[in-house]
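*Asks:* Here the sequence shown stands for residues 613 to 824, numbered as in our numbering.
Using N, Cα and C, we set each Cβ at its ideal position, and we do this for glycine too.
Since we're looking at a predicted model, the values are computed, not measured.
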Amino acid sequence: MRRLIAAATRRFEHSIMASAQPLRSPRTVVFVGLMGVGKTCIGRRLAQRLELPFIDADKEIEEAAGCTIPEIFERHGEKYFREGERRVILRLLDNPVHVLSTGGGAFMDPQTRTRIHERAISVWLRADLDLMLRRVSRRSDRPLLQVADPRAKLEELMALRYPVYEEADITVDSIDGPPDVTVGRVLEALEAHLKESDPGAAIGLGAQWAAR
Ligand code: S3P
Numbered sequence: 613m614r615r616l617i618a619a620a621t622r623r624f625e626h627s628i629m630a631s632a633q634p635l636r637s638p639r640t641v642v643f644v645g646l647m648g649v650g651k652t653c654i655g656r657r658l659a660q661r662l663e664l665p666f667i668d669a670d671k672e673i674e675e676a677a678g679c680t681i682p683e684i685f686e687r688h689g690e691k692y693f694r695e696g697e698r699r700v701i702l703r704l705l706d707n708p709v710h711v712l713s714t715g716g717g718a719f720m721d722p723q724t725r726t727r728i729h730e731r732a733i734s735v736w737l738r739a740d741l742d743l744m745l746r747r748v749s750r751r752s753d754r755p756l757l758q759v760a761d762p763r764a765k766l767e768e769l770m771a772l773r774y775p776v777y778e779e780a781d782i783t784v785d786s787i788d789g790p791p792d793v794t795v796g797r798v799l800e801a802l803e804a805h806l807k808e809s810d811p812g813a814a815i816g817l818g819a820q821w822a823a824r
């Protein structure tokens, strides 16, 4: 009898947890990290779970420029791209709370980084070199990787950028598996961060994120 009551109580508690409000982020959540870690895929799914709009900074840059990123690099060079990237991201950070995925070089810009620190919560999505390589090799629209040895290029970028990505508020390892597992990790890390930095702001129960 006691066991039956305990099981019913657990079911009741579980149903309360399942209907709890989603985690509420008081700030925009910005994904940073190298090419191929899955910022757009994970960002889009996270936005759904947080019930927030999702914005992809690279797409916004292309729309603002009226051409693709490879075309911007080809016609105007990387410096021009970086200036546009900074302008677009600073503008996007003025938008109401949303989930923003940024291109791998965006966080390297000091002004962009400072504004992200002021206005948003940054999540460094990190992945294995082999995993990144596998993912980036599916597409040819990343000018920095149109080189003879993309592995060496990624290694060079890791050495250069990891010390800066480390400044992000949260670091999450992206796994080679169902994206929802990585999204669950981000949600848990985000909730822990919010509880630590602003205990009144986060609503939600961590366990449900992993289970859903
Ligand atoms: C870049 C990453 C790309 C894009 C551009 C430059 C970089 O975005 O912004 O090709 O410097 O790492 P993703 O990280 O989304 O591939």
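Please report the distance separating the alpha-carbon of ILE681 from that of ARG754.
*Replies:* Stepping through the sequence shown from its first residue, residue 681 is reached at position 69. Stepping through the sequence shown from its first residue, residue 754 is reached at position 142. Taking the CA atoms as reference points, ILE681 sits about 8 Å from ARG754.
*Asks:* How many angstroms separate the CA atom of PHE685 from the CA atom of ALA676?
*Replies:* Along the sequence shown, read from residue 1 onward, the residue named residue 685 stands at position 73. Along the sequence shown, read from residue 1 onward, the residue named residue 676 stands at position 64. Those two C-alpha atoms are separated by around 14 Å.
*Asks:* Look up ALA732 in the DSSP assignment and say whether it is helix, strand or coil.
*Replies:* In the sequence shown, the residue the question calls residue 732 occupies position 120. Of the three classes helix, strand and coil, the one that applies to ALA732 here is strand, per DSSP.
*Asks:* So, helix, strand or coil for LEU737, using DSSP?
*Replies:* Counted from its first residue, the sequence shown places residue 737 at position 125. DSSP places LEU737 in strand when its eight states are reduced to three.
*Asks:* Can you give, in chain order, each stretch of the beta strand (DSSP E) that sits fully within the region 754-791 and has at least 3 residues?
*Replies:* 782-785
*Asks:* How about ALA804 and TRP736: are their beta carbons less than 9 Å apart?
*Replies:* Numbered from its first residue, the sequence shown carries residue 804 at position 192. Numbered from its first residue, the sequence shown carries residue 736 at position 124. Contact: no.
*Asks:* Return the Cβ separation of SER831 and ARG738 in integer angstroms, given the expectation that the two are a contact with Cβ distance under 8 Å.
*Replies:* The structure shown does not extend to residue 831, since the chain is modelled only from 613 through 824, so no value can be given for it.
*Asks:* Would you mind reading off the limits of the alpha helix (DSSP H) that contains VAL700?
*Replies:* As a first step, residue 700 must be located in the sequence shown, where it is residue number 88. Counting along the chain, the alpha helix (DSSP H) containing VAL700 begins and ends at 690-704.
*Asks:* Would the beta-carbon of LYS691 be found less than 8 Å away from any heavy atom of ligand 1?
*Replies:* Taking the sequence shown and counting its residues from 1, one reaches residue 691 at position 79. LYS691 Cβ: outside cutoff for every heavy atom of ligand 1.
*Asks:* Round the Cβ separation of ARG639 and ALA732 to the nearest angstrom and send it over; I've been treating them as touching at under 8 Å.
*Replies:* Here the question's residue 639 lines up with position 27 in the sequence shown. Here the question's residue 732 lines up with position 120 in the sequence shown. Right, their Cβ atoms sit about 5 Å apart.
*Asks:* Nearest CA to the CA of LEU802: which residue from SER749, THR783, VAL644, ILE701?
*Replies:* Position 190 of the sequence shown, counted from the first residue, corresponds to residue 802. For LEU802, the nearest C-alpha among the options comes from THR783.
*Asks:* Does at least one heavy atom of ligand 1 sit under 8 Å from the Cβ of ARG697?
*Replies:* Along the sequence shown, read from residue 1 onward, the residue named residue 697 stands at position 85. Note that residue 697 is Glu in the sequence shown, not Arg. Flag set: Cβ of GLU697 near ligand 1.
*Asks:* Rounded C-beta distance between ALA718 and VAL644? I'm assuming under 8 Å.
*Replies:* Here residue 718 refers to the residue found at position 106 of the sequence shown. Here residue 644 refers to the residue found at position 32 of the sequence shown. With a Cβ gap of about 7 Å, ALA718 and VAL644 count as contacting.
*Asks:* Please name the residue or residues paired with ILE673 in a DSSP beta bridge.
*Replies:* Against the sequence shown, residue 673 aligns to sequence position 61. Its beta-bridge partners do not exist; DSSP assigns none.
*Asks:* Give me the Cα-Cα distance between ARG705 and ILE728, rounded to the nearest whole angstrom.
*Replies:* Along the sequence shown, read from residue 1 onward, the residue named residue 705 stands at position 93. Along the sequence shown, read from residue 1 onward, the residue named residue 728 stands at position 116. Per the sequence shown, residue 705 should be read as Leu rather than Arg. Taking the straight line from one Cα to the other gives about 7 Å.
*Asks:* Given THR652, which residues of its chain have a CB within under 7 Å of its CB, disregarding the five upstream and five downstream residues?
*Replies:* Along the sequence shown, one-based indexing puts residue 652 at 40. Listed in chain order, the non-local C-beta contacts of THR652 below 7 Å within the same chain comprise ASP668, SER713, local neighbours out to five positions each way being set aside.
*Asks:* Measure the Cβ-Cβ separation of PHE666 and VAL711 and say whether it is below 9 Å.
*Replies:* The sequence position of residue 666 within the sequence shown is 54, counting from 1. The sequence position of residue 711 within the sequence shown is 99, counting from 1. A contact, by the Cβ cut-off of 9 Å.
*Asks:* Grouping DSSP H, G and I as helix and E and B as strand, with all else coil, what is SER809?
*Replies:* Numbered from 1 along the sequence shown, position 197 holds the residue referred to as residue 809. DSSP places SER809 in helix when its eight states are reduced to three.
*Asks:* With respect to 8 Å, is the separation between the Cβ of PRO571 and the closest non-hydrogen atom of ligand 1 below this value?
*Replies:* Within the shown structure, residues of the chain are numbered from 613 to 824, placing residue 571 beyond reach of any answer.
*Asks:* For LEU662, which residues in the same chain have their Cβ closer than 7 Å to its Cβ, ignoring the five residues on either side in sequence?
*Replies:* Taking the sequence shown and counting its residues from 1, the one referred to as residue 662 is at position 50. Result list for LEU662: PRO634, LEU635, SER637, VAL711, in chain order.
*Asks:* Go through the residues and name those whose CB comes closer than 6 Å to any heavy atom of ligand 1, in chain order.
*Replies:* MET647, LYS651, ASP670, ILE681, GLY715, GLY716, GLY717, ARG754, PRO755, LEU756
*Asks:* With a threshold of 16 other CB atoms inside 10 Å of the CB of THR726, please say whether the residue is buried or exposed.
*Replies:* On the sequence shown, residue 726 is found 114 positions in, with the first residue counted as 1. THR726 comes out exposed.
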